[in-house]
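Asker: Going left to right, the sequence shown walks through residues 1 to 157 as full-length UniProt numbering numbers them.
The beta carbon of each residue, even a glycine, is placed where N, CA and C say it ideally should be.
Can you keep this structure in mind? I'll have questions shortly.
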Amino acid sequence: MDKDLIDFLRERNLPEENITRIIDEKIDAHIILLMEDSSLETYIPLYGDRIAVNNFCSEKTTYRGNNKESLIDKLKKRLGKVDSSYKDGASSSILLGNKRAEKTTRKIELARMHKEGDHSKHGRVQTGGGVRNIELPKTSTMKEILDESLDLFFSGR
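Shown next as structure tokens:
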């Protein structure tokens, strides 16, 4: 049983019979967080004490999560596989093996549409339309893409 939790319950002046009942039924910080208020009321009768215990247990379990992270760090160090992104939060090493992440360009498929009244027609190759595939830098803006498409489809402009 968790000694910190028991000490906290004694600090809150919870009756000793309730504390022994919690110990006997093996209720720890994780279980208290999962319990509904009505069932927790049988062990901790005062509402303020229940809120304080819930807060204490949530802080305690959050601290354990940080402890697990440090254990993972120790394991990685032992194995010699220290991941730099895990330490400093850099995302570049995560994408190291991803070939698409390395590319600085993207492929765009463009097609010309001819609008007649209410409906639009797909421009055919014979009339200067068709589908064109271009490769532009990933940092290209909409204006640059539009300029490139106008040059492709209307080369005489």
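Could you give the DSSP three-state label for Lys-103: helix, strand or coil?
Answerer: As a working mapping, residue 103 is identified with position 103 in the sequence shown. Lys-103 falls in the coil class under three-state DSSP.
Asker: Measuring straight from C-alpha to C-alpha, what distance separates Arg-112 and Asn-133?
Answerer: Along the sequence shown, one-based indexing puts residue 112 at 112. Along the sequence shown, one-based indexing puts residue 133 at 133. Going from the Cα of Arg-112 to the Cα of Asn-133 covers about 12 angstroms.
Asker: Please determine, among Thr-141, Glu-102, Ile-6, Lys-143, the residue with the shortest C-alpha to C-alpha distance to Val-53.
Answerer: Taking the first residue of the sequence shown as 1, we reach residue 53 at position 53. The option with the nearest alpha carbon to Val-53 is Ile-6.
Asker: Give the secondary structure of Ser-155 by DSSP, where H, G and I count as helix, E and B as strand, and everything else as coil.
Answerer: Sequence index remark: in the sequence shown, residue 155 carries index 155 (1-based). Looking at Ser-155 - three-state DSSP - the assignment turns out to be coil, as it is neither helix nor strand.
Asker: Roughly how far, in whole angstroms, is the beta-carbon of Asp-2 from the beta-carbon of Asp-28, given that I think they are within contact range, below 8 angstroms?
Answerer: For the purposes of this step, residue 2 is taken as residue 2 along the sequence shown, with counting starting at 1. For the purposes of this step, residue 28 is taken as residue 28 along the sequence shown, with counting starting at 1. Yes, they are in contact, since the Cβ atoms of Asp-2 and Asp-28 sit about 5 angstroms apart, within 8 angstroms.
Asker: With distances taken between CB atoms, is the gap from Ile-22 to Tyr-47 smaller than 8 angstroms?
Answerer: Position 22 of the sequence shown holds residue 22. Position 47 of the sequence shown holds residue 47. Cβ atoms of Ile-22 and Tyr-47: not closer than 8 angstroms.
Asker: Cα separation between Lys-74 and Asp-4?
Answerer: One-based indexing of the sequence shown puts residue 74 at position 74. One-based indexing of the sequence shown puts residue 4 at position 4. Taking the straight line joining both Cα atoms gives about 25 angstroms.
Asker: Name the residue from Pro-137, Leu-71, Gly-80 whose alpha carbon lies nearest to the alpha carbon of Glu-102.
Answerer: Along the sequence shown, read from residue 1 onward, the residue named residue 102 stands at position 102. When each option's Cα is compared against that of Glu-102, the closest is Pro-137.
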